[in-house]
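See below for the structure under consideration.
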Amino acid sequence: MLDLNSGSGAVYGRGDARPGDAAAITARINAHLDAALLARRRQQRPRDYLGGSRVGEPCARKLVYEITHAPKDRDVEPGLLRVFDAGHQFEALSIHWLRLAGFDLRDRGADGGQFGFAAAGGRLRGHADGVIVGGPAVGLRWPAMWEHKALGQKSWTDLVKRGLRLSKPIYFAQVQLYMAYLQLEVALLTALNRDTLALHHEAVPFDAAEAQRLSDHAVDILRAAEAGELPPRIAQAPDFHLCRSCPYATRCWEAGP
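Numbering (our numbering), first residue to last: 1183 to 1439.
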């Protein structure tokens, strides 16, 4: 049994939070959590390749900064790191639900690794969330690549309304490139609403012309990075909406044309 009489007991100093001071306790605990998340991120080995999930990024210069590991203006927000972690948990939950419903969803290959590809001498790589090799008759022909996204209410609603290509062009590019290299003719996107747990599923046919364009674009990015060149900026002024949220904005606009 726990000995409640052991230890030093609850002794509060003048600067300590009292049991009812939730705001102070919250701030202190979250400071520890944020520090731990940031420390874990800094220990992670940076990618030495261009990820297939990033090729659809509209700013080519930003991609060059990413793959050359240019210093950022600011560190990532810890809240975003929590969102990333939550996304992995939501993905596992969706996999569980789909399998429970009879979909033969494989998230690992025979070697135990993720389904993926490597091109351009390993400088372009991607890993799919899974492949559905069989399942109920829902109007899709198996196998189908499976991609999962966990989205907030506003983003999820926009996806449902406008479809993947218009609402989420970076994700659309991702599935097209992955289908090309994995030689699959269709992808099933499952989008989970983080606020309501509602699910939206969209079949995305393979577009060979778009996949080729994206592959060529990836090669251009890699060549620019290897040559130490910067592609043109995406905008004419730093107040452009994509520039305002870019972690490389200061470096970009202080650089040459």
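From the three backbone atoms N, C-alpha and C, an ideal C-beta is built for every residue, glycine too.
- Met-1327 is bridged by DSSP to Val-1313, Ala-1369.
- When the alpha-carbon of Lys-1254 is set against those of Arg-1344, Arg-1224, Arg-1210, the nearest one is in Arg-1224.
- Between the alpha carbons of Ile-1416 and Lys-1336 lies a gap of roughly 25 Å.
- For secondary structure counted as the beta strand (DSSP E) over 3 or more consecutive residues, the region 1351–1432 holds these complete runs in sequence order: 1368–1375, 1381–1387.
- In the DSSP assignment, Phe-1299 falls within the unbroken beta strand (DSSP E) covering 1298–1301.
- Here Glu-1329 is not near Asp-1340, since their CB atoms are 8 Å or more apart.
- Shown here, Leu-1322 sits in coil according to DSSP, grouped into three states, outside any helix or strand.
- For Arg-1210, there is no enclosing beta strand (DSSP E); the residue is found in the alpha helix (DSSP H) stretching over 1204–1225.
- Within the region 1219–1293, complete beta strand (DSSP E) segments of at least 3 residues are found at 1286–1288, given in chain order.
- For Arg-1307, the beta-bridge partners assigned by DSSP are Gly-1233, Ala-1300.
- By the 16-neighbour rule on beta-carbons within 10 angstroms, Glu-1248 is buried.
- Take Lys-1350, set aside five residues on each side of it, and the residues of its chain with a beta-carbon closer than 7 Å to its own are Leu-1341, in chain order.
- A Cβ-Cβ separation of about 6 Å places Arg-1376 in contact with Leu-1333 under the 8 Å criterion.
- When the beta-carbon positions are compared, Gly-1345 and Tyr-1231 stay at least 8 Å from each other.
- A distance below 7 Å between beta-carbons, with the five flanking residues on each side excluded, links Leu-1220 to the following residues of its chain, in chain order: Asp-1257, Pro-1260.
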